[in-house]
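Number of protein chains: 2
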Amino acid sequence: MLAFERREKILSTLYSDKKVFVAPLASTFNVTEETIRRDLEKLEREGVVTRNYGGATLNERTSEDLPYQTRNTINLEEKRIIAQFLPPLIKDGSSIMADTSSTVYEALQVLQQSKDHLTIITNSVSILQDFAFSSFDVFSTGGSLRKNSRSLVGPSAIRSVQQYNVDAAVVSCKGISMTQGIMDTNEPEADLKQYMQNQARRVILLVDHTKFGAVSLVKTFPFEQVDCLLTNKKPAEEWLDFFGQHEIDVIFPS
Amino acid sequence: MLAFERREKILSTLYSDKKVFVAPLASTFNVTEETIRRDLEKLEREGVVTRNYGGATLNERTSEDLPYQTRNTINLEEKRIIAQFLPPLIKDGSSIMADTSSTVYEALQVLQQSKDHLTIITNSVSILQDFAFSSFDVFSTGGSLRKNSRSLVGPSAIRSVQQYNVDAAVVSCKGISMTQGIMDTNEPEADLKQYMQNQARRVILLVDHTKFGAVSLVKTFPFEQVDCLLTNKKPAEEWLDFFGQHEIDVIFPS
DNA sequence: CATGTATGCTCGCTTTTGAACGAAGAGAAA
DNA sequence: TTTCTCTTCGTTCAAAAGCGAGCATACATG
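Chains as they are written, first to last, in the working numbering: chain A, 1 to 254; chain B, 1001 to 1254.
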């Protein structure tokens, strides 16, 4: 039995019972209580459980969130660098649209700390979940829950997006190419993004350096629509020229 | 029985009875009265109860606006008992509407294990989150994220609900009374529930025993609309008569 | 080889619990 | 009202259970 295997089993017990105890776990897995405690400690650091004397209870709010969270920690540093550039571009009290991407998610976390009030319209379930107890006004687009993601898409989401006119759309993508434009991996989200862009006065695109030149399945909207691009490394000269031609403000760490 | 577990159970008794006594608690948990006193002391420090001679009473104010996660673990056993009754009432492949309540949430968890395919329309963020990786089709109503809850409400959610016609509405409430009807603590959710009920061929109401006779702020829909009621304890004879008059099928543990 | 991770073990510290006893509250009787 | 009695509370002490830090070992990984 490997460590992560054990933790997975602990998690599954947690999901069904909402709580676990140190001593029984230790004996079922044939490890010392120390090990179990360390497991629970780890789970607590990840925000999944709260420990109490003799065991731990599940944190409802992140109940099924583990896969997302791990995915979210990939390139987290890059995403945070990008996120730092967003607050100066957003005025307190303004309204924004946010798509379902971990980059945008990180950026909103930073906004939450630096702004008093914002109105957020989003199709991301993760954002809904995280802002349930914030002071921001949050609107969900509704729509169909896309399989294996926390994204709401489809005609209903599109209709919903069209109801709002916002100051800025904060979106990400899977790849940008000078010839192919801005691309995403799946049709429904790419589609929705296009409508988001359409309802916003300004379009702010968040792209980390790995997206430059990456080609992906489906085009979203053209570069002409982008007002501002945030990234985590200085792009190559030809990209800077390209952005200049399209009148896109590029922001990157100096 | 560990300390935190005992305190949870005390809380759960508090939520259903509004008050507890030291001596009976001590004997049910097989601990000394001192221990119970210390538990109550702790709960008092947390602002949940006020102690008085011989026991403690629940602080009314906090009972309504409980954070979701505490509310969710309270009376979990009762909720699971109710949840068990739902699968036989729902045919595989059918479509249902689900509100934002921990009882309905538990019931859907059970459905997830016993059905191959369902279409769920919900205003609950928690359900969206939990079914992101399931085989069910899930639609979000969208709408405004209600403060300090994981519930989507408002005109946009209502419009959205009206787009769908489903086989069953699975809903809960905060209180039922023969004279006042079915009640909830807040207007927006009560409102939405009414529309949900309206779009469903059958209305299934999930109520634990603490809700019987409990009066709450705002009425939702009348008993005439309810087709089936699931609860965790056999209701009193007058309630059974009452349900009979309204042609409501009542299901409870035998 | 060095490095990092996982695990077990020990020891001192904290939390929890029960027992004991005096103090305080409730209710009845004067 | 005052007094008396019984119950309930709070405090203190000690024992037991649980915990965290630090160290050592084992094993994989680079």
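Note that CB positions come from ideal geometry on N, CA and C, so glycine has one too.
Reference residue i; option with closest CA among the options
i	options	result
B/Thr1179	B/Ile1158, B/Val1215, B/Ala1200 and B/Val1153	B/Val1215
B/Lys1211	B/Asn1232, B/Arg1201 and B/Gln1113	B/Asn1232
A/Gly54	B/Phe1243, B/Pro1155, B/Ser1160 and B/Met1001	B/Met1001
B/Pro1235	B/His1246, B/Ile1082, B/Phe1223 and B/Phe1252	B/Phe1252
B/Leu1230	B/His1117, B/Arg1080, B/Ala1003 and B/Asn1165	B/Arg1080
B/Ser1177	B/Thr1032, B/Leu1192 and B/Trp1239	B/Trp1239
B/Glu1224	B/Asp1241, B/His1209, B/Leu1217 and B/Val1203	B/Val1203
A/Gln197	A/Leu43, A/Glu33, A/Phe131 and A/Val166	A/Val166
A/Val170	A/Glu34, A/Leu40, A/Gly143 and A/Tyr195	A/Tyr195
B/Phe1242	B/Gly1213, B/Thr1220 and B/Leu1217	B/Gly1213
A/Thr141	B/Ser1156, B/Asp1249, B/Glu1044 and B/Lys1091	B/Ser1156
B/Leu1118	B/Phe1139, B/Ser1124, B/Thr1103 and B/Ser1101	B/Phe1139
B/Glu1187	B/Val1218, B/Asp1039, B/His1209 and B/Ser1126	B/Val1218
A/Glu77	A/Asp137, A/Thr32 and A/Glu106	A/Glu106
9 Å Cβ cutoff, residue i in contact with chain B
i	result
A/Asp137	yes
A/Lys211	no
A/Arg157	For clarity, residue 157 of chain A is Ala in the given sequence; the question names Arg instead. At least one chain B Cβ lies under 9 Å of A/Ala157.
A/Ser160	yes
A/Phe243	no
A/Gln180	no
A/Gln163	yes
A/Asp65	With a pLDDT of 40 at A/Asp65, under the threshold of 50, the modelled position of this residue cannot be trusted; read the value that follows with caution. Taking Cβ atoms only, chain B reaches closer than 9 Å to A/Asp65, which makes this a yes.
A/Thr70	Low per-residue confidence applies at A/Thr70: pLDDT is 44, beneath 50, and the placement is therefore not dependable, though the value from the model is reported in the following sentence. Closer than 9 Å: no.
Simplified DSSP assignment, three categories, for residue i
i	result
A/Phe4	helix
B/Asp1116	coil
B/Ile1176	strand
A/Gly55	strand
A/Arg80	helix
B/Ser1254	coil
A/Ala190	helix
B/Asp1017	helix
A/Ser94	coil
A/Thr122	strand
B/Ser1102	helix
A/Lys9	helix
B/Ser1216	coil
A/Phe223	helix
A/Phe136	coil
B/Ser1151	strand
Interface residues of chain A facing residue i [CB-CB closer than 8 Å]
i	result
B/Ala1003	Asn52, Tyr53 and Gly54
Residues that residue i contacts on chain B, provided the C-beta gap is smaller than 9 Å
i	result
A/Phe21	Leu1002 and Glu1005
Inset, instruction - Pull out every residue of the segment 1030-1062 of chain B whose Cβ sits closer than 9 Å to any Cβ of chain A, in chain order. - result: Legend: CB atoms of the segment 1030-1062 of chain B lying less than 9 Å from CB atoms of chain A are not found in any residue.
Legend entry - Near-chain A residues of the segment 1113-1134 of chain B - C-beta to any C-beta below 7 Å: Those would be Val1125, Leu1128, Gln1129, Asp1130, Phe1131, Ala1132 and Phe1133, in chain order.
Legend entry - the segment 1139-1154 of chain B: positions lying closer than 9 Å to chain A by Cβ: Here the close residues are Phe1139, Ser1140, Thr1141, Gly1142, Gly1143, Ser1144, Leu1145, Arg1146, Lys1147, Asn1148, Ser1149, Arg1150, Ser1151, Leu1152 and Gly1154.
Legend entry - Positions along the segment 1195-1224 of chain B whose CB lies within less than 8 Å of some CB in chain A: Hits within the stretch: zero.
Inset, instruction - Closer than 9 Å, Cβ to Cβ, to anything on chain A: give me those residues from the segment 1074-1097 of chain B, in chain order. - result: Here the close residues are Leu1076.
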